[in-house]
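Participant:
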Amino acid sequence: MCPDTCSTLLCMAWTGRQVTVLAVCGVPMAGSAGCGSRAAQERARGAGPPSPAGRLLEERDDEGRPYREVDEEDAPEIGVEVTPDTGGGWDVRLRVRNFRFSPDGTARRAVPGRGLAHLYVDDRLVALLRAPGHHLSPHAVRRGTHQVTVRLHADGDSVWAVRGKPVEGTADITVSEPSPITDTTTSPAADPTATGRAGDRGSPGRDPGAS
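Going by the working numbering, the sequence shown opens with residue 25, and the numbers climb by one from there.
1) Identify every residue that forms a DSSP beta bridge with VAL174.
2) With distances taken between CB atoms, is the gap from ALA170 to ASP146 smaller than 7 Å?
3) Pick out the complete beta strand (DSSP E) segments inside the segment 70–149, 3 residues or longer, and give them in chain order.
4) What's the gap between the Cα of LEU140 and the Cα of GLY193?
5) My understanding is that ARG117 touches PRO156, with C-beta atoms under 8 Å, so please give their C-beta distance in whole angstroms.
6) Roughly how many whole angstroms lie between the Cα atoms of VAL174 and PRO108?
7) Pull up the distance between the alpha-carbon of SER126 and that of LEU160, whole angstroms please.
8) Going by the beta-carbon positions, is the gap between ALA131 and ALA77 smaller than 7 Å?
9) If you draw a straight line from the alpha carbon of ARG187 to that of LEU176, how long is it in whole angstroms?
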């Protein structure tokens, strides 16, 4: 039986300047490789494996970029953590597995496990990331509840995907009136040693940028 979808929750409660951070890490996975996947069917028919860089799907994101499907066991994974800083902004930290960030100027072609990340706030693209960290200014996320999404892309301007879903992580941030930070509570899921695997998309337990 294929494992159920699993996500990781990171909650931070701040007294006074109440900021609640909910990080939902990874791609929803329904099943593991071999659970009726196209690759398994092709192998059963004696066909060769799919391209190492995956295959383009008809599905596209809101900007028209095609999804690039890869097998689950080879797929990149991402975990997202967003925390407020003392200056009123927010620090975004990414934990990736089976993925390396490509430097600026990299050729625009898909290479397995390589690429960049697109960072969205409420579906608005605010940054292209070639490193596992980013700082959001105080003006980027105003009072209220907002969703931060980080999605992994190949250098060829396609979106890494598994089972037709983009490889991404999200964090819901709720901000109220500013006041001094007095308390922090972090769930065990925020532990950098926490592990994640295909079908269990917790925060990956390896250093950012590791493949």
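In this text, a Cβ means the ideal position worked out from N, Cα and C, and glycines have one as well.
Keep in mind the model is a prediction, meaning the values are calculated, not measured.
Facilitator: Short version:
1) LEU143 and GLY193
2) The residue you asked about is not Ala; residue 170 is His in the sequence shown. Going by C-beta atoms, HIS170 is nearer than 7 Å to ASP146.
3) 79–84, 90–93, 101–108, 114–121 and 138–145
4) 14 Å
5) 7 Å
6) 17 Å
7) 21 Å
8) no
9) 15 Å
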